[in-house]
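To convert, note that position 95 of the first sequence is 96 in our numbering; the numbers rise steadily by one, no gaps. Single-structure report; data block below.
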Amino acid sequence: MSSPCLTEVFQTLRTAFGPQRWWPAETPEEVVIGALLTQNTAWSNVEKAIANLRCARLLELEKIAGLEPETLEELIRPSGYFRQKSRRLKNLAATITAAGGLEQLASLSTRKLRQWLLERNGVGPETADSILLYAFERPVFVIDAYTLRICQRHNWLAQDAGYAEAQARFHRELKKDAALFNEYHALLVRTGKDYCRPHRPACRECPLGRFTPHPGSE
DNA sequence: CCCCAGGCGTCCA
DNA sequence: TGGACGCATGGG
């Protein structure tokens with residue numbers, strides 16, 4: 002079993018953990034902001050930054066686009082890399098606002114929209130796909146460090162598999178359903194946080210234990 | 001003290 | 001084209 006059925010994996014996680022209710026945001030604009038701020042950063046730190054923005058009534062792209070860079074830096078400081086992220090978030094907010102907001106961008110095809118997002122400074126594949134899935138509800142599977150680590154550790158993917166390869170596997174094998182992709186990715190993050198840490202053996206109670214191939218069980 | 005977190009851009013061989 | 005490196009805070 003070097004290639005388990007990904008639908009079966011989903012059912013197992015869904016039964017083990019229940020619904021995850023992602024993305025933890027109240028509006029699509031908040032998803033965009035959170036997606037940028039959470040890059041290589043613990044979500045607990047992003048929450049502090051989001052709280053600062055909410056408290057200042059600045060949790061909107063149009064308002065962020067008009068802030069002084071130093072002002073934004075201080076608000077998002079807890080989320081780390083605050084100078085980079087301040088510049089990138091302001092640029093992204095200004096570009097989206099200039100384009101007429103998320104509602105206007107929603108008229109683009111998923112392919113065009115992904116391309117448009119990837120052209121923004123500071124927006125790579127995971128950030129773009131997170132925005133596509135969780136802000137625009139497009140059926141695009143998000144690959145993150147947890148997803149890659151889980152798939153590699155269980156030998157569902159080659160050890161050197163990258164973003165595109167992992168995403169292709171999920172797209173090939175699953176029905177293109179935004180609600181499914183939403184829940185699936187959230188469940189993989191949950192699983193990774195609890196059971197698939199780097200440099201730590203797989204935890205015994207990991208619900209995915211039975212999907213791990215044993216030596217000689219080819 | 002250490003390592004890690006829901007990445008990305010740049011630089012250099 | 002691919003591997004190192006910088007970016008920064010906060011928690012375990």
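Think of the CB as a built atom: it goes at the ideal place given N, C-alpha and C, for glycine as much as any other residue. This one's a predicted model, so the numbers in the text were calculated from it and none came from an experiment.
Asked	Found
Count the other CB atoms within 10 Å of the CB of residue 183; is the residue buried (16 or more) or exposed (fewer)?	buried
Output the boundary residues of the alpha helix (DSSP H) element that contains residue 62.	62-66
Check residue 201 in the structure and name its three-state DSSP category.	coil
Compute the Euclidean distance between the alpha carbons of residue 201 and residue 148, then round it to the nearest angstrom.	16 Å
Is DSSP giving residue 152 helix, strand or coil here?	helix
Mind pulling the alpha helix (DSSP H) runs of 4 or more residues that sit fully within the segment 122-169?	126-135 and 146-154
Please report how far the alpha carbon of residue 136 lies from the alpha carbon of residue 14, in whole angstroms.	24 Å
Measuring alpha carbon to alpha carbon, tell me which residue in 33, 189, 26 and 169 is nearest residue 98.	33
Tell me the rounded alpha-carbon separation between residue 154 and residue 160.	8 Å
Got a sec? Which residues, its chain only, sit under 6 Å from residue 80 by beta carbon, not counting five neighbours each side?	38, 42, 46, 47 and 50
Can the beta-carbon of residue 143 be found less than 9 Å from the beta-carbon of residue 111?	no
Would you kindly report the start and end of the unbroken alpha helix (DSSP H) that includes residue 178?	Per DSSP, residue 178 belongs to no alpha helix (DSSP H) and is neither H nor E.
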